[in-house]
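K.L.:
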């Protein structure tokens, strides 16, 4: 046992004795270390170890040396005098000749040099190196651990930086002799890192012979093809070895004359893809780091090899690696440089050589041949790396490319061969690729493409017209022309084209959008217009002034194009889609949305009467889409409500028009009842108007939201055709989505209408329960029939109530409408007091007709959803208790059970974060904690349905502690055909439990449960087959074999269902 006061002599004897076990050795070692640390000197320890250090038994002698090494390693702050350090070092150096003690000596020497380097003179380090490299057993013949200790000791010596010129020579030569033939990855990584450090630390001491020796010792590992074994505990990867070897190759400039020829030679002889890619990457890595003067004789062979790899590469991986190498080296030799003469020579030997070779191959081959296509890749690779590269490539190859483009375009009218259009396409692709090399970030004083802009633009425009007229089998040449023209405008940081050239291009794109037969060509022109408008304010002005008028003219008077097979409706829809794309630029949005709205509504200063456009529905939908596309731009959204120049906003114009048409319908048809057909105009305008109102309320500024909320609410509370009036007709009820769209997202601006809430809420409650909107008694759902769909106005009223109750700050008003007690001011009848009876009292009062009670239940469920999301501290438990009690009512229990799905599901249009709803991040957990404990084994099936729905909407982590209680519910659900009962089956709780739970027996039980589920009715479990199979993938990698075996069996069961 370890003891602080244990005597030193027995501890020394106990550690040195080889007969003792490992635990005894550890105890004795701790005693020795503690004694040395407290009050015993190292000299006393050496005295006690004297007989053991010279013992005739190898094991005792080795363990005695190991004890000294352990003490020096474990006590880094041990104070040693200089003479003591010298004596210890000399002792361990001399003891290196004792093979059994070699390991402990290496450990002791590493500790001395690491912790007491200041007391070690340079002569002792040289003695150490000479002894280390003259061992009786050379280092390469030692075991892996011994070799690693030797390399680590060399690394420590290197880091001390105390060796002189002779010592550096001894260290490097000895290291290379020790490393020669090393194969173990654990040592090889250290050796390669040490080799790089040696070349970097002693650059002036490395002569040609040493460089050659370094190269021969390390180059035999190139290329590295190491693949670590599975679950490798050492974590050595092939990428680490590759990086270390490349660091050796570039550690000294003189390595260039050996490395580059070696890589080129191996590249010419290998056919393995992975090795070829590694060689090309190494070539790029080295050539971009060597000084140019070391590569002057190698640049031409390198260029030839890289070009050949691109031209004749076997697969895309090799071609991509060769292209990346070409780009890297071209960038490295591109001017400017501090050595312009050297840079010019390197440029000539690499860039000029490879560009001229590619150009000759393109001249000798057809433009659509594989050789020409890959040679074009070389040209774009060089041009993309620098302004000098782009300038040179354009000067040398552009006349040839333009001549090929012109020749192919001119031959189209007289040639019926597909090869002509193919050659035009290839030439255009190369030209567009060069334009794509224009730097978008650097604004040059003289842009490389500036002298060539006019001929390029002329060639592209001419080719587009020729291709449009004579190429019918492919639209790619036309799209390439449009892309090239767009790049002339979009790529340069500063404009290259004059205003008249930009005008001609904008006119061309607009004409293509309106008249071209191919949809993909029209889409390309639309993209060019959109990108041009969004590039700068000046270009946006050009697009706005030259494109919008002809586009708006087509919207005003769409005409069919029989020759192109496009009807007037198709033309209108395409133009509206183009306008929607252009509207993403703010100034175009401001100039477009109101005139487009007026055009659709038929508002004309010269025509006092409103006459809707024949395609009003499409135009109104386009306006809504434009507003939606710009929802993140607050200024644009605010402009729909707060106009800057016009007297009438878009919102006011649309709402007033809809209300006007409703009044007209009432005047023409009288007070129609619910069986009246919907007004076509209202049906056309209400949905897009509601979309616009919703976008403004969700994304507009607070001022815009308050303005819109006050305007719409005051209108609906005062106008004669309001759907909130008790006697509202079917036509008036069609306006309800407009009010709903505003109230759904009124949470942020609710304070503005707080005084109107006592008036508004009773009207909404009355509308949600209005007798004329309720289904007839014969249509009420029974346990065997589905519930009829509610009236759209009722749905809007219900969701509006939920949105207002969710955001309402006044608890007194909230409790008034969710009260479960009938006070003196309320009555069970609707005409017995100042306020209508609370919905809770209507739900439980059997004196009301069942449709009325169900309508009140829907109101209560929507109100419950609002406060559950809000996580109201006092009201949530009350409403849940009330709803749970209703599950015992024979008339209501099925409707309540289905209603819980409404409470728990997520909505997209209301009660979301985008609609400014108050949503607690833990509302699902609280719902589960309140409802799950209420379930007992004897509860009716409707209560189990509610529990299943709650479980299905609860986060996984909350369910794990309750899996044992949930599984019986799953089994019951699987045995019943009613869809709500199987709600839990689609939930991945079981698979999550099987994968993540800690205990093996629990994971096995979960797998057994999944195996049992695979035996039930096929039609019940088939929809979930793919989810279970994918979920079990993680179990196949479980750390326990039994779990993996069980997972394989279960997965096979599910796979063959």
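In our numbering, the protein residues as written are 294 to 1350. Backbone N, C-alpha and C define an ideal beta-carbon position, used for all residues, glycine too.
#1: Going by DSSP in three states, residue 531 sits in which element: helix, strand or coil?
#2: Pull up the CB-CB distance for residue 579 and residue 603, whole angstroms please, since I reckon it's below 8 Å.
#3: Residue 1350 by DSSP, collapsed to three states: which one?
#4: Pairs of beta-carbons, one from the stretch 852-868 and one from the stretch 879-893, closer than 8 Å: are there three or more?
#5: Within 10 angstroms of the Cβ of residue 324, are there 16 or more other Cβ atoms? Answer buried if so, exposed if not.
#6: Can the beta-carbon of residue 741 be found less than 8 Å from the beta-carbon of residue 680?
#7: Determine whether the Cβ of residue 660 lies closer than 8 Å to any Cβ atom of chain B.
#8: Residue 726 to residue 848, Cα distance in whole Å?
#9: Note down the Cα distance separating residue 618 from residue 424, rounded to an integer number of angstroms.
#10: Tell me the DSSP bridge mates of residue 854?
#11: Around the Cβ of residue 484, are there at least 16 other Cβ atoms within 10 angstroms (buried) or fewer (exposed)?
#12: Mark residue 1310 as exposed unless 16 or more other C-beta atoms lie within 10 angstroms of its C-beta, in which case mark it buried.
#13: Answer yes or no: do residue 1372 and residue 959 have a C-beta to C-beta separation smaller than 8 Å?
#14: State buried or exposed for residue 1158, treating a residue as buried only when at least 16 other CB atoms are found within 10 Å of its CB.
#15: What residues in its chain sit with their C-beta under 6 Å from that of residue 1320, if we drop five residues either side in the sequence?
#16: Is it buried or exposed, residue 609, if we count other Cβ atoms within 10 angstroms and call 16 or more buried?
#17: Drop a sphere of 10 angstroms on the beta-carbon of residue 576, count the other beta-carbons inside from all chains shown, and report buried for 16 or more, exposed for fewer.
#18: Three-state secondary structure (DSSP) at residue 933?
#19: Candidates 1152, 367, 369 and 401: which alpha carbon is nearest residue 380's?
#20: Do residue 516 and residue 477 come within 8 Å of each other at the CB atom, strictly closer than that value?
#21: Could you compute how far the alpha carbon of residue 654 sits from the alpha carbon of residue 664?
#22: Taking the alpha carbon of residue 365 as the reference point, which residue from 344, 390, 398 and 386 has its own alpha carbon closest?
#23: Threshold first: 4 residues or longer. Then list the alpha helix (DSSP H) segments lying entirely within the stretch 1197-1224, N to C.
#24: Once you ignore the five residues that flank residue 947 on each side, which residues in its own chain have a CB closer than 6 Å to its CB?
#25: So which of 874, 823, 876 and 880 has the shortest CA-CA distance to residue 830?
#26: Along the alpha helix (DSSP H) that carries residue 456, what are the first and last residues, could you check?
#27: Return yes when the Cβ of residue 451 is within less than 8 Å of the Cβ of residue 464, no when it is not.
#28: Please classify residue 1186 as buried or exposed, where buried requires at least 16 other C-beta atoms within 10 Å of its C-beta.
#29: On the DSSP letters alone, give me the boundaries of the alpha helix (DSSP H) that residue 883 sits inside.
#30: Determine the DSSP secondary structure at residue 838, reduced to helix, strand or coil.
#31: Which residue wins for smallest C-alpha separation from residue 716, given the options 731, 699 and 336?
#32: Rounded to a whole number of angstroms, what is the C-alpha to C-alpha distance between residue 621 and residue 797?
#33: The alpha helix (DSSP H) spanning residue 567 covers which residue range?
#34: CB-CB under 6 Å to residue 736, same chain, minus the five flanking residues each way: which ones, in chain order?
#35: Once DSSP output is grouped into helix, strand and coil, what is the label at residue 786?
#36: Return the residue from the list 1336, 1082, 405 and 1306 that minimises the CA-CA distance to residue 1350.
P.N.:
To lay it out plainly:
#1: In the structure shown, residue 531 sits in a helix (DSSP, three-state: H, G or I).
#2: So it is not a contact: roughly 19 Å between Cβ atoms.
#3: DSSP places residue 1350 in the coil class of the three-state scheme, outside both helix and strand.
#4: These segments do not touch.
#5: It counts as buried.
#6: Pairing residue 741 with residue 680 gives a Cβ-Cβ distance under 8 Å.
#7: The structure shown contains no chain B; it is built from a single protein chain.
#8: Answer to the nearest angstrom: the Cα atoms are 37 Å apart.
#9: Residue 618 and residue 424: Cα-Cα distance of roughly 46 Å.
#10: In the DSSP output, where bridge partners are listed per residue, residue 854 has 859.
#11: Residue 484 should be labelled buried.
#12: Per the 10 Å Cβ criterion, exposed.
#13: The structure shown does not extend to residue 1372, since the chain is modelled only from 294 through 1350, so no value can be given for it.
#14: So residue 1158 ends up on the buried side.
#15: Within the same chain, no Cβ atom closer than 6 Å to the Cβ of residue 1320 is found once the five residues on either side in sequence are excluded.
#16: So residue 609 ends up on the exposed side.
#17: Residue 576 is classed as buried because its beta carbon has at least 16 other beta carbons within 10 Å across all chains shown.
#18: Residue 933: coil per DSSP, three-state reduction.
#19: Answer by Cα proximity: 401.
#20: No.
#21: Each residue's Cα considered, the two are about 7 Å apart.
#22: Looking at the Cα atoms, 398 is the closest of the given residues.
#23: Segments of the alpha helix (DSSP H) lying fully in the stretch 1197-1224: 1216-1224.
#24: Around residue 947, the same chain offers 982 as residues with beta carbons nearer than 6 Å, after the five sequence neighbours per side are excluded.
#25: For residue 830, the nearest C-alpha among the options comes from 880.
#26: From DSSP, residue 456 is part of no alpha helix (DSSP H); its letter is neither H nor E.
#27: With contacts defined by Cβ atoms closer than 8 Å, residue 464 and residue 451 form a contacting pair.
#28: It is buried - the Cβ of residue 1186 has at least 16 other Cβ atoms within 10 Å.
#29: Residues 879-894.
#30: Assigned with DSSP and collapsed to three states, residue 838 falls in helix.
#31: The option with the nearest alpha carbon to residue 716 is 699.
#32: Those two C-alpha atoms are separated by around 39 Å.
#33: Run containing residue 567: 566-580, per the alpha helix (DSSP H) assignment.
#34: If we look at residue 736 and ignore the five residues flanking it on each side, its Cβ neighbours are 786 and 787.
#35: Coil.
#36: Closest by alpha carbon: 1306.
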